[in-house]
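Contents: one structure, followed by commentary.
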Amino acid sequence: MSNERIGWGIIGCGVIGPWHAQAITGAEGAELVAVCDIVEQKAKKLGEEYSVPYVTDINEFLAREDVQAVSICTPSGMHAEQAIAAAEAGKHILCEKPLDITLERIDAMIEAAAANNVKLAGVFQRRTLPSSQRVREAVRGGKLGKVVLGDCYQKYYRSHEYYASGEWRATWDLDGGGALMNQGVHGVDLLLWIMGDVARVSGYCRRLVRNIDVEDTAVAMVEFANGALGVLEATTSVTPGYAMALEVHGDTGSIKMASDEITTWAIAGEEEQTAEATGAGTAADPTALSTYGHQHHVADLCQAITEDRPPQIPGHEARKAVELIKAIYLSSREGGAAVELPLAYDDDGPGIYPSVVPPPW
Ligand SMILES: NC(=O)c1ccc[n+]([C@@H]2O[C@H](COP(=O)([O-])OP(=O)(O)OC[C@H]3O[C@@H](n4cnc5c(N)ncnc54)[C@H](O)[C@@H]3O)[C@@H](O)[C@H]2O)c1
Numbered sequence: 511m512s513n514e515r516i517g518w519g520i521i522g523c524g525v526i527g528p529w530h531a532q533a534i535t536g537a538e539g540a541e542l543v544a545v546c547d548i549v550e551q552k553a554k555k556l557g558e559e560y561s562v563p564y565v566t567d568i569n570e571f572l573a574r575e576d577v578q579a580v581s582i583c584t585p586s587g588m589h590a591e592q593a594i595a596a597a598e599a600g601k602h603i604l605c606e607k608p609l610d611i612t613l614e615r616i617d618a619m620i621e622a623a624a625a626n627n628v629k630l631a632g633v634f635q636r637r638t639l640p641s642s643q644r645v646r647e648a649v650r651g652g653k654l655g656k657v658v659l660g661d662c663y664q665k666y667y668r669s670h671e672y673y674a675s676g677e678w679r680a681t682w683d684l685d686g687g688g689a690l691m692n693q694g695v696h697g698v699d700l701l702l703w704i705m706g707d708v709a710r711v712s713g714y715c716r717r718l719v720r721n722i723d724v725e726d727t728a729v730a731m732v733e734f735a736n737g738a739l740g741v742l743e744a745t746t747s748v749t750p751g752y753a754m755a756l757e758v759h760g761d762t763g764s765i766k767m768a769s770d771e772i773t774t775w776a777i778a779g780e781e782e783q784t785a786e787a788t789g790a791g792t793a794a795d796p797t798a799l800s801t802y803g804h805q806h807h808v809a810d811l812c813q814a815i816t817e818d819r820p821p822q823i824p825g826h827e828a829r830k831a832v833e834l835i836k837a838i839y840l841s842s843r844e845g846g847a848a849v850e851l852p853l854a855y856d857d858d859g860p861g862i863y864p865s866v867v868p869p870p871w
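Every position in the sequence shown, counted from 1, becomes a number in this note's numbering once 510 is added.
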């Protein structure tokens, strides 16, 4: 790897932007060189904190030659537009989750990155944890025998103040969904990464507590392509909020995780190992986030650029969680009917893929 550092910029200096600034500063191979936010005060605050130039105009930002890679940290429904502009300006992209909120726009991002020969990487920081990687290796390596069940429970709490903290939050147009598309997308991605693709799903999405447009609670039954079954639950409306629980069971073993920790490792022929989970993570506080994963993503994209290899989570991988969530929304709208994946191209519908928001509550 060359000693030259990749000049990095951030678009969006709200809640997660500062995490990227810290991650870029700490990551090998990257150097923060500029930040951008349409709200001058936010751009100024972050720019001054890291002693880098700040701008409010994305075109001015993308015209900077010292910016070689960008972190996209804007509301989810703006990601594609900004990623495509970045790709066309020749910048590599690290995009926050979800990549965007429609499959059509995600596909356009992936195409723009390929057409402009830049890397597109998605953020799913739970994949970078050694514990997650160990679980995946065990499951994929056959340690659990025939995999029977793969479940993920995300029973979170988000306050009224959280929803009121940004006009885009919990809107179909910019958040693209609620407990699943915003908070739950992490667990959906992790379950898919560990278990493999889903063949069919049925689910129910409801708005049970919060006065928001999108679902605050969702439950889905999944059938994985490998034949295993599983349950996905996501809510932002329970008190006090619990660590994400991921459980995989096979005929020769079981593994359970709570947040970042493996809490049960029970595999035939191996001594049982258990550990106490150290914290609930973002179960009740969305800012209770470490920069470990983001730093890993930044360093990985730097290496991918210098070695000209794909990043660890390329666009098509980050797309999968959004596709499954869209399928759950579609199922919910159709009263829990089973939906096959991959989602079929819908020539007659309003878009390429089924337009999938739940019905009015
Ligand atoms: N990986 C994680 O754990 C994690 C955690 C929080 C948020 N996120 C994701 O990060 C994204 C942002 O979330 P947030 O909570 O930081 O939101 P936020 O509202 O706090 O910040 C978004 C920022 O983008 C700015 N912005 C809006 N339009 C812009 C434009 N056209 N050009 C430049 N800046 C613009 C806003 O002014 C705001 O400062 C979302 O996609 C969210 O899902 C990820």
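A virtual CB, placed ideally from N, CA and C, is assigned to each residue, including glycine.
Beta carbon of residue i: closer than 7 angstroms to some heavy atom of ligand 1?
{"i": "Gly-791", "result": "no"}
{"i": "Lys-656", "result": "no"}
{"i": "Glu-559", "result": "no"}
{"i": "Ile-468", "result": "Residue coverage of the chain in this structure runs from 511 to 871, which leaves residue 468 outside it and unanswerable."}
{"i": "Thr-612", "result": "no"}
{"i": "Glu-550", "result": "no"}
{"i": "Asn-692", "result": "yes"}
{"i": "Glu-606", "result": "yes"}
{"i": "Gly-519", "result": "no"}
{"i": "Met-588", "result": "yes"}
{"i": "Asp-617", "result": "no"}
{"i": "Asp-547", "result": "yes"}
{"i": "Val-724", "result": "no"}
{"i": "Pro-824", "result": "no"}
{"i": "Cys-523", "result": "yes"}
{"i": "Cys-662", "result": "no"}
{"i": "Gly-676", "result": "yes"}
{"i": "Ile-568", "result": "yes"}
{"i": "Gln-805", "result": "no"}
Do you know how far the Cα of residue j is from the Cα of residue i?
{"i": "Ser-842", "j": "Lys-836", "result": "10 angstroms"}
{"i": "His-826", "j": "Lys-629", "result": "12 angstroms"}
{"i": "Gly-713", "j": "Leu-654", "result": "27 angstroms"}
{"i": "Gly-660", "j": "Leu-851", "result": "17 angstroms"}
{"i": "Gly-740", "j": "Asp-810", "result": "31 angstroms"}
{"i": "Gly-779", "j": "Asp-707", "result": "28 angstroms"}
{"i": "Glu-771", "j": "Ala-573", "result": "43 angstroms"}
{"i": "Ile-568", "j": "Thr-774", "result": "47 angstroms"}
{"i": "Val-695", "j": "Ala-794", "result": "16 angstroms"}
{"i": "Lys-552", "j": "Arg-644", "result": "39 angstroms"}
{"i": "Arg-646", "j": "Val-758", "result": "10 angstroms"}
{"i": "Gln-532", "j": "Arg-710", "result": "40 angstroms"}
{"i": "Asp-610", "j": "Glu-725", "result": "18 angstroms"}
{"i": "Ala-544", "j": "Gly-632", "result": "20 angstroms"}
{"i": "Arg-720", "j": "Gly-763", "result": "39 angstroms"}
{"i": "His-670", "j": "Asp-723", "result": "13 angstroms"}
{"i": "Val-549", "j": "Ala-648", "result": "46 angstroms"}
{"i": "Gly-846", "j": "Ser-675", "result": "32 angstroms"}
{"i": "Ala-595", "j": "Gly-652", "result": "43 angstroms"}
{"i": "Asn-626", "j": "Ala-599", "result": "8 angstroms"}
Measure the CB-CB distance between residue i and residue j and report whether it falls below 8 angstroms.
{"i": "Ala-623", "j": "Ala-597", "result": "yes"}
{"i": "Leu-639", "j": "Gly-803", "result": "yes"}
{"i": "Cys-605", "j": "Ala-618", "result": "no"}
{"i": "Thr-535", "j": "Tyr-560", "result": "yes"}
{"i": "Met-767", "j": "Ser-641", "result": "yes"}
{"i": "Pro-608", "j": "Met-691", "result": "yes"}
{"i": "Ile-823", "j": "Phe-634", "result": "yes"}
{"i": "Arg-650", "j": "Leu-700", "result": "no"}
{"i": "Leu-684", "j": "Lys-830", "result": "no"}
{"i": "Val-729", "j": "Glu-743", "result": "yes"}
{"i": "Met-588", "j": "Gln-664", "result": "no"}
State yes or no: is the C-beta of residue i nearer than 7 angstroms to some heavy atom of ligand 2?
{"i": "Gln-532", "result": "Absent from the structure shown: ligand 2. Ligands present: ligand 1."}
Excluding the 5 residues preceding and the 5 following residue i in the sequence, name in chain order all residues of the same chain whose CB lies nearer than 7 angstroms to its CB.
{"i": "Leu-799", "result": "Trp-529, Thr-792"}
{"i": "Arg-515", "result": "Gly-539, Ala-540, Glu-541"}
{"i": "Glu-782", "result": "Trp-775, Ala-776"}
{"i": "Thr-797", "result": "Val-525"}
{"i": "Thr-727", "result": "Ala-689, Arg-716, Leu-718, Thr-745, Ser-747"}
{"i": "Lys-601", "result": "Leu-572, Val-577, Gln-578, Ala-579, Val-580, Val-628"}
{"i": "Gly-517", "result": "Glu-541, Val-543, Asp-576, Val-577, Gln-578"}
{"i": "Ala-590", "result": "Asp-610, Arg-615, Ile-616, Ala-618, Met-619"}
{"i": "Val-562", "result": "Leu-542, Val-543, Ala-544, Val-545"}
Leaving out five residues before and five after residue i in sequence, what residues of the same chain have Cβ atoms less than 8 angstroms from its Cβ?
{"i": "Asp-547", "result": "Ile-521, Gly-522, Cys-523, Gly-524, Gly-527, Ala-553, Leu-556, Tyr-564, Thr-566"}
{"i": "Ala-480", "result": "With the chain covering only 511 through 871, there is no way to say anything about residue 480."}
Excluding the 5 residues preceding and the 5 following residue i in the sequence, name in chain order all residues of the same chain whose CB lies nearer than 6 angstroms to its CB.
{"i": "Tyr-666", "result": "Gln-693, Thr-746, Gly-751, Ala-793"}
{"i": "Ser-581", "result": "Ile-520, His-530, Leu-604"}
{"i": "Val-808", "result": "Ala-533, Ile-534, Ala-537, Ala-540"}
{"i": "Thr-681", "result": "Asp-723"}
{"i": "Gly-697", "result": "Cys-662, Gln-664, Met-754"}
Run through the stretch 810-858 for me and flag every whole alpha helix (DSSP H) of 4 or more residues, listed as ranges in chain order.
Counting only unbroken stretches of 4 or more residues, the alpha helix (DSSP H) elements lying wholly within the stretch 810-858 are 825-843, in sequence order.
Pick out the complete beta strand (DSSP E) segments inside the stretch 715-798, 3 residues or longer, and give them in chain order.
Under the rule that a run must span 3 or more residues, the beta strand (DSSP E) segments found entirely inside the stretch 715-798 read 727-734, 739-745, 755-760, 763-768, 771-777.
Could you pull out every unbroken beta strand (DSSP E) segment of at least 3 residues lying fully inside the stretch 656-703, listed in chain order?
The DSSP assignment places 657-665 as complete runs of the beta strand (DSSP E) inside the stretch 656-703, in order along the chain (cut-off: 3 residues).
Unbroken stretches of the alpha helix (DSSP H), 4 residues or longer, contained in the stretch 616-661
Under the rule that a run must span 4 or more residues, the alpha helix (DSSP H) segments found entirely inside the stretch 616-661 read 640-650.
Can you list, in chain order, the stretches of the beta strand (DSSP E) that have 3 or more residues and sit fully within the stretch 562-589?
Counting whole runs of 3 or more residues, the stretch 562-589 contains the beta strand (DSSP E) stretches 579-582.
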